[in-house]
Amino acid sequence: MEYEVTANRKRPRNLDGLVGQEFVVASLRNSLQSGRIAHAFLFAGPRGVGKTSAARILARALNCPTGPTPEPCEDYDGSEEIARGSAIDVIEIDGASNTSVNDIRQIKDEVLFAPTTSRYKIYIIDEVHMLSNSAFNALLKTIEEPPPY
């Protein structure tokens with residue numbers, strides 16, 4: 036049996052697993068059910084409340100082969116990769132380690148390419164508050180005007 040960190044093994048895999056986040060769950064569920072999905076989401080809060088988990092669940096729900104759904108599909112190829120944080124089109128970036136404007140410029144260049152294996156290309160920037168002011172400014176245009184795909 037392969038070793039897996041407890042935090043990853045116990046990480047919620049669907050919206051119902053986000054304990055204590057009823058408002059977030061209701062907002063995401065309503066957005067997915069109505070088909071009115073924002074091009075950017077900001078999950079904020081103290082450590083351990085489920086920000087990254089919510090982002091991964093949303094990524095799985097959006098990339099379901101049958102279309103966006105409030106209950107993430109489990110049975111498609113990319114589902115497990117997204118849950119593990121290793122999917123090609125769901126890019127997780129550590130904002131604490133990649134704080135410079137050059138790091139953000141690289142992201143801006145990559146954003147121009149359409150998703151290869153998923154319905155949506157999603158960037159999860161963990162610890163985004165650690166970015167420098169110039170990095171925030173470089174990222175702002177991409178967030179305000181995302182690519183058309």
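Residue numbers in the sequence shown follow my numbering, run continuously in steps of one, and reach 184 at the last position. Glycine is no exception: its CB is placed at the ideal position from the N, C-alpha and C atoms.
Among the options, nearest to residue i - alpha-carbon criterion
| i | options | result |
| --- | --- | --- |
| V59 | N137, I139, Y158 and L77 | L77 |
| Y184 | N133, L175 and V146 | V146 |
| D144 | T177, S135, G83 and A118 | T177 |
| I123 | L174, A149 and Y38 | A149 |
| A89 | A73, N133 and L63 | L63 |
Three-state class that DSSP yields for residue i in the structure shown
| i | result |
| --- | --- |
| V136 | helix |
| A129 | Per the sequence shown, residue 129 should be read as Asp rather than Ala. Of the three classes helix, strand and coil, the one that applies to D129 here is strand, per DSSP. |
| I159 | strand |
| G78 | The question names Gly, yet the displayed sequence has Phe at residue 78. Of the three classes helix, strand and coil, the one that applies to F78 here is coil, per DSSP. |
| N98 | coil |
| G52 | helix |
| E179 | helix |
| K45 | coil |
| R119 | helix |
| F58 | helix |
| V146 | helix |
Rounded Cβ spacing between residue i and residue j (contact assumed at less than 8 angstroms)
| i | j | result |
| --- | --- | --- |
| I157 | A94 | 5 angstroms |
| R82 | I117 | Not quite, the Cβ-Cβ distance comes to about 22 angstroms (not below 8 angstroms), so this is no contact. |
Cutoff 7 angstroms; reference residue i; Cβ partners in own chain excluding five residues on either side
| i | result |
| --- | --- |
| T104 | L67 and A96 |
| P182 | V146 and L147 |
Own chain, CB closer than 6 angstroms to residue i, minus 5 neighbours either side, in chain order
| i | result |
| --- | --- |
| C99 | C108 |
| A131 | E162 and M165 |
| F127 | First, the residue type needs correcting, since residue 127 is Glu and not Phe in the sequence shown. Closer than 6 angstroms at Cβ, skipping near neighbours: G120 and I159. |
| G85 | L53 and Q56 |
| V136 | S169, A170 and A173 |
Inset, instruction - Flag this pair as touching only if the region 165-179 and the region 136-145 have three or more C-beta atom pairs under 8 angstroms; answer yes or no. - result: yes
Legend entry - Cβ contact (3+ pairs, closer than 8 angstroms) linking the region 107-114 and the region 63-70: The region 107-114 makes no contact with the region 63-70, as fewer than three CB pairs between them are under 8 angstroms.
Inset, instruction - State whether the region 42-62 contacts the region 150-161, with contact taken as three or more CB pairs (one from each stretch) at a distance under 8 angstroms. - result: no
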